[in-house]
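Put into structure tokens, the structure is as follows:
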């Protein structure tokens, strides 16, 4: 046994659904879309993260070196310690510069990719809107044309009526 | 004359089609719409970035610190190399996570926008249906108006012709005094005269005069 609900007025149901779909988009996705548009133009999260990671990586590698040395009971001379400090500072500086530079490139690529996706989506929306507007304009023109045609028909009918009355009168007088 | 026209009821096929479509739509809204919203929320969370960064960190440590040695502890460059490698790997993880997130978000938005676009074209379709109904109504009114006008013209024409025909009727009426020759009498627009010059008036006389139910011209 089917539990299908009978739809007696498909026209209204159709209109309700389409309106509901648009309202659903506004409610659930409009803010999301605006956030993405903003992100595609101004996001710097990769660069910010690269800067933070540089600091964390320096601390982490220092800790690794210290734990490893203590595990083997190794003792570094003051000169070795100074050399290690310098090497770490240099590596960190260079690493940080490279990481941030890479992040800038990755950020630009990510933002551009997102922006182009959004533009594609926007183009689709624009196309649909234009089609819809074109359709509405065509409907309005058809209505206007039908009205003009109806007016013309009405006028023609009136003249035909007057003509037929006149013709009847002439014929009646003639005979 | 026919009875007043009634709106055509929808056919069984039309009703079934609309019912199935509505049921499918309801099913979609119930089962698929929440999934898209769930995907939207997932795309906004940093889960992917966290997973990829964890994996990058693990890979780096696995590669550079999984085989500790005394010799390594004496290498002053080692710590710097690990730090630099980690930064590079984390950067890659971040870039990939951002790519995945952007892809997910644009997919979600594209789908949502697609649905909205369908809604828009649906609106246009609904408007088209409304327009065609409005046109049909206007056309119907126009036809009724034309039919009324035509009927009025026919009735008016017939009345005019009959009136003029009435005016053309003549009869010879004997003077009331009974003296003198019969005088010619003419009919008026509303009343003809019979051969005896008498005005035809009253419904019965008019029907007899018209001969509609058989010959006769009595007054």
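Protein chains in written order, with my numbering: chain P, 1 to 175; chain W, 1001 to 1219.
C-beta: ideal position from N, C-alpha, C; glycine also.
The structure displayed is predicted, hence computed values, not measured ones.
Residue i - partner residues in DSSP beta bridges
| i | result |
| --- | --- |
| residue 1170 of chain W | W:1186 |
| residue 1193 of chain W | W:1199 |
Beta-carbon neighbours of residue i, restricted to chain P and to distances below 8 Å
| i | result |
| --- | --- |
| residue 1070 of chain W | 72, 74 |
| residue 1040 of chain W | 28, 29, 32 |
| residue 1106 of chain W | 36, 114, 117, 118, 121 |
| residue 1113 of chain W | 25, 29, 33, 121, 124, 125 |
| residue 1050 of chain W | What residue 1050 of chain W touches in chain P: nothing, since even the nearest Cβ is about 12 Å away. |
| residue 1153 of chain W | 160, 161, 164, 165 |
Residue i versus residue j - alpha carbon distance
| i | j | result |
| --- | --- | --- |
| residue 9 of chain P | residue 130 of chain P | 28 Å |
| residue 1012 of chain W | residue 1026 of chain W | 21 Å |
| residue 15 of chain P | residue 29 of chain P | 21 Å |
| residue 1192 of chain W | residue 1162 of chain W | 9 Å |
| residue 1053 of chain W | residue 48 of chain P | 15 Å |
| residue 118 of chain P | residue 1106 of chain W | 7 Å |
| residue 18 of chain P | residue 155 of chain P | 40 Å |
| residue 1180 of chain W | residue 1173 of chain W | 11 Å |
| residue 1018 of chain W | residue 7 of chain P | 6 Å |
| residue 1158 of chain W | residue 1196 of chain W | 26 Å |
| residue 54 of chain P | residue 134 of chain P | 55 Å |
| residue 157 of chain P | residue 1149 of chain W | 7 Å |
| residue 26 of chain P | residue 32 of chain P | 10 Å |
| residue 143 of chain P | residue 36 of chain P | 41 Å |
| residue 1021 of chain W | residue 13 of chain P | 10 Å |
| residue 1060 of chain W | residue 38 of chain P | 34 Å |
| residue 82 of chain P | residue 1095 of chain W | 35 Å |
| residue 150 of chain P | residue 1141 of chain W | 10 Å |
| residue 170 of chain P | residue 1152 of chain W | 18 Å |
| residue 70 of chain P | residue 1070 of chain W | 10 Å |
| residue 1176 of chain W | residue 1185 of chain W | 13 Å |
| residue 87 of chain P | residue 1076 of chain W | 7 Å |
| residue 1001 of chain W | residue 1156 of chain W | For residue 1001 of chain W, the pLDDT reaches just 46, beneath the cut-off of 50, and the residue's location in the model is therefore unreliable, leaving the point undetermined. |
| residue 146 of chain P | residue 1167 of chain W | 45 Å |
| residue 24 of chain P | residue 1015 of chain W | 27 Å |
| residue 1072 of chain W | residue 80 of chain P | 13 Å |
| residue 1024 of chain W | residue 20 of chain P | 15 Å |
| residue 1189 of chain W | residue 1204 of chain W | 18 Å |
Residue nearest to residue i in terms of C-alpha spacing, selected from the options
| i | options | result |
| --- | --- | --- |
| residue 50 of chain P | P:92, P:149, P:166 | P:92 |
| residue 1033 of chain W | W:1054, W:1114, W:1069, W:1189 | W:1114 |
| residue 1143 of chain W | P:153, P:140, P:136, P:125 | P:153 |
| residue 1160 of chain W | P:166, P:157, P:158 | P:166 |
| residue 22 of chain P | P:128, P:101, P:85 | P:128 |
| residue 1154 of chain W | P:162, P:81, P:88, P:126 | P:162 |
| residue 1036 of chain W | W:1112, W:1051, W:1069 | W:1112 |
| residue 1039 of chain W | W:1015, W:1102, W:1050 | W:1102 |
| residue 1051 of chain W | W:1069, W:1029, W:1098 | W:1098 |
| residue 1104 of chain W | W:1170, W:1206, W:1049, W:1203 | W:1049 |
| residue 1200 of chain W | W:1169, W:1183, W:1066, W:1057 | W:1169 |
Contacts that residue i makes with chain W (C-beta to C-beta distance below 8 Å)
| i | result |
| --- | --- |
| residue 5 of chain P | 1019, 1022, 1023 |
| residue 69 of chain P | 1073 |
| residue 137 of chain P | Going along chain W, no residue has its Cβ under 8 Å from residue 137 of chain P, so there is no contact; the nearest lies around 11 Å. |
| residue 44 of chain P | Going along chain W, no residue has its Cβ under 8 Å from residue 44 of chain P, so there is no contact; the nearest lies around 11 Å. |
Proximal residues of chain W, C-beta to C-beta of residue i below 7 Å
| i | result |
| --- | --- |
| residue 10 of chain P | 1018 |
| residue 141 of chain P | The premise fails here: residue 141 of chain P is roughly 10 Å from chain W at the closest Cβ pair, so nothing lies under 7 Å. |
| residue 41 of chain P | What residue 41 of chain P touches in chain W: nothing, since even the nearest Cβ is about 13 Å away. |
Where residue i meets chain W, residues with beta-carbon distance less than 9 Å
| i | result |
| --- | --- |
| residue 50 of chain P | 1087, 1090, 1091, 1094 |
| residue 130 of chain P | The contacting residues do not exist; residue 130 of chain P stays about 10 Å from chain W at best. |
| residue 152 of chain P | Those within 9 Å of residue 152 of chain P in chain W number zero; the least Cβ separation is about 10 Å. |
Within chain P, partners of residue i - CB distance below 7 Å
| i | result |
| --- | --- |
| residue 1077 of chain W | 87 |
| residue 1156 of chain W | 165 |
| residue 1065 of chain W | 64 |
| residue 1205 of chain W | Chain P residues near residue 1205 of chain W: none, gap ~22 Å exceeds 7 Å. |
| residue 1160 of chain W | 165, 168, 169, 172 |
Chain-ordered chain P contacts of residue i [CB-CB under 9 Å]
| i | result |
| --- | --- |
| residue 972 of chain W | With chain W covering 1001 to 1219 only, the question about residue 972 of chain W has no answer from this structure. |
| residue 1082 of chain W | 57, 60, 61, 64, 65, 91 |
| residue 1035 of chain W | Here the premise fails: no neighbours, minimum Cβ distance about 12 Å. |
Min CB distance residue i to chain C below 7 Å
| i | result |
| --- | --- |
| residue 1109 of chain W | Protein chains P and W are contained in the structure displayed, whereas chain C is not. |
Whether or not the segment 1077-1090 of chain W and the segment 1043-1050 of chain W are in contact is what I'm after, with contact meaning three or more pairs of Cβ atoms, one per stretch, closer than 8 Å; do they touch?
no
Indicate whether the contact test is met: 3 or more Cβ pairs, each with one atom in the segment 91-110 of chain P and one in the segment 50-70 of chain P, closer than 8 Å.
yes
Taking contact to mean at least 3 C-beta pairs separated by less than 8 Å, is the segment 1069-1087 of chain W in contact with the segment 1009-1024 of chain W?
no
Segment contact flag, the segment 30-44 of chain P with the segment 68-84 of chain P, C-beta cutoff 8 Å, min 3 pairs
no
Do three or more CB pairs link the segment 62-69 of chain P to the segment 109-125 of chain P at distances below 8 Å?
no
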